[in-house]
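Mapping of the sequence shown onto the working numbering: position 30 corresponds to residue 486, and the numbering continues sequentially without gaps. Ideal Cβ placement from N, Cα and C applies to all residues, glycine included. The next block holds one structure in the form of structure tokens; read it before the comments.
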Amino acid sequence: MHKYKIVHLIHNDKFIVPFMDFIAKHFDENEHLFVYLFDDNVVKYPIPESRNVLNLCNRYLGRKNIFGLSKALNPLMEKAEKIILHGLFSDDLINYLYYHQYFLKKCYWVMWGGDLYGHIDPIKIWKNIFRLHRRRKVVQEMGGLITYIKGDYELVCKHYGAAGKYYECFMYTSNLYKEYDIKHKEHSTINIQLGNSADLTNNHIEVLNELRKYKGENIKIFIPLSYGNQEYAKEVIAKGKELFGDKFVALTEFMPFDKYLEFLGEIDIAIFAHKRQQAMGNTITLLGLGKKVYMRSDITPWKLFKDINVNIFDIENIELKLIAEKDRLNNQKNIKEYFSRENYLNQLRNLFEGE
Numbered sequence: 457m458h459k460y461k462i463v464h465l466i467h468n469d470k471f472i473v474p475f476m477d478f479i480a481k482h483f484d485e486n487e488h489l490f491v492y493l494f495d496d497n498v499v500k501y502p503i504p505e506s507r508n509v510l511n512l513c514n515r516y517l518g519r520k521n522i523f524g525l526s527k528a529l530n531p532l533m534e535k536a537e538k539i540i541l542h543g544l545f546s547d548d549l550i551n552y553l554y555y556h557q558y559f560l561k562k563c564y565w566v567m568w569g570g571d572l573y574g575h576i577d578p579i580k581i582w583k584n585i586f587r588l589h590r591r592r593k594v595v596q597e598m599g600g601l602i603t604y605i606k607g608d609y610e611l612v613c614k615h616y617g618a619a620g621k622y623y624e625c626f627m628y629t630s631n632l633y634k635e636y637d638i639k640h641k642e643h644s645t646i647n648i649q650l651g652n653s654a655d656l657t658n659n660h661i662e663v664l665n666e667l668r669k670y671k672g673e674n675i676k677i678f679i680p681l682s683y684g685n686q687e688y689a690k691e692v693i694a695k696g697k698e699l700f701g702d703k704f705v706a707l708t709e710f711m712p713f714d715k716y717l718e719f720l721g722e723i724d725i726a727i728f729a730h731k732r733q734q735a736m737g738n739t740i741t742l743l744g745l746g747k748k749v750y751m752r753s754d755i756t757p758w759k760l761f762k763d764i765n766v767n768i769f770d771i772e773n774i775e776l777k778l779i780a781e782k783d784r785l786n787n788q789k790n791i792k793e794y795f796s797r798e799n800y801l802n803q804l805r806n807l808f809e810g811e
């Protein structure tokens, strides 16, 4: 059996294949093995057929199959120098790692957000106290924690007692700055984007109520609702139409990426009311396009953007003023430099080749 230096344990998601392609282009792909374990959504995200891809999707679900999962994974894990966990969502993966703690010092957790924040809520902790015990034990023993948001790393240390090394890394190409040639279209209204999906965490209705004081102004409010909870989307649409009439536009159909970029190009102000790190790809793109972005000042991305000298705005003080030209240019420059391909490559080299 070929010895792979780095084993990636992954679930089937839209970010994975572009990441694999980037590795193949810039690193020795013979050193990397990608093991698909969960989310067998092959219709939406086909799994590549390659010598360094192993598809175990959903073959070993449930505690009764822990022996089968161990038999499949242990030889790979034993030979690997580093094991990169792309998200920590699965109880089956947690159970496997709990029973194989001798692998944990060479495990590195790529934090996605939901796999962190979904397990530090006091109510959820009380309801899942035994599951949390295993998760905490696993995280405490890990060798490394991967995120580009230092505040998320600090949360893991605080809530889990983690002691693994911090690795600053964007991890997925979706977080990179990209230069887009978007034709500017003149519009007479102030165009506002609210949220990025039909998920309750966007807190749309709270913000719509806050914006109602501007309903007499020359505005248009756009809310992307094409994916997420569609029952919740109906509530948002009803409230938006009630408060703003034809100044409210619900985007309920999926848009191809080029069309979505055109849409973002026409936005003047974006408001993200998430109470945790979320919608970062969207936020980075909007800031790179020179848009004014509002978010909560008590979430971890706020400090990230302030640290790289990007001017964002507090959701507690929403105004309809457009972003100043000097702020727009400053933001574009700093987003371009920090979220660059060169910085990303250096981060990955440090992760793969460093101690």
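Tell me, to the nearest whole angstrom, how far the beta carbon of residue i is from that of residue j; I am working on the premise that it is less than 8 angstroms.
i, j, result
"N767", "N786", "6 angstroms"
"K731", "G607", "Going by Cβ atoms, the distance from K731 to G607 rounds to 13 angstroms, so no, they are not a contact pair."
"G599", "K561", "5 angstroms"
"S630", "G737", "5 angstroms"
Which value, in whole angstroms, describes the spacing of the CA atoms of residue i and residue j?
i, j, result
"R507", "K459", "12 angstroms"
"N514", "L529", "14 angstroms"
"L707", "I677", "10 angstroms"
"R784", "F719", "18 angstroms"
"L801", "G810", "13 angstroms"
"K641", "Y604", "34 angstroms"
"H821", "G543", "Coverage of the chain is limited to positions 457 through 811, which leaves residue 821 absent and any answer about it impossible."
"V594", "V663", "38 angstroms"
"H660", "K535", "48 angstroms"
"I509", "Y492", "In the sequence on display, residue 509 carries Val and not Ile. Computed Cα separation, rounded: 8 angstroms."
"V749", "E624", "24 angstroms"
"S796", "D571", "26 angstroms"
"I779", "N773", "14 angstroms"
"Q596", "I539", "16 angstroms"
"D637", "D547", "43 angstroms"
"E487", "Y670", "56 angstroms"
CB residue i to CB residue j, shorter than 8 angstroms?
i, j, result
"L601", "Y628", "no"
"F728", "T739", "yes"
"I444", "L632", "Residue 444 is absent from the structure shown; the chain starts at 457 and stops at 811."
"K715", "F704", "no"
"L812", "C563", "Residue numbering for the chain in the displayed model covers 457 to 811; residue 812 lies beyond these limits and cannot be assessed."
"L776", "E673", "yes"
"K470", "Y501", "yes"
"I675", "I646", "yes"
"D724", "I791", "no"
"N551", "I522", "yes"
"L517", "L465", "no"
On the DSSP bridge assignment, give the partners of residue i in chain order.
i, result
"H464", "F490 and I540"
"V663", "In the DSSP output, where bridge partners are listed per residue, V663 has none listed."
"D770", "M751"
"K669", "Paired residue(s): none; K669 is not in a bridge."
"V473", "Paired residue(s): none; V473 is not in a bridge."
"G518", "None, per the DSSP bridge assignment."
"P680", "L707"
"A654", "G684"
"C563", "I539"
Contained alpha helix (DSSP H) runs [length at least 4] in the segment 688–750, N- to C-terminal order = 713–721 and 736–744
Which ranges does the beta strand (DSSP E) cover as unbroken runs of at least 3 residues, wholly within the segment 585–647, from first to last along the chain?
-> 600–602 and 621–623
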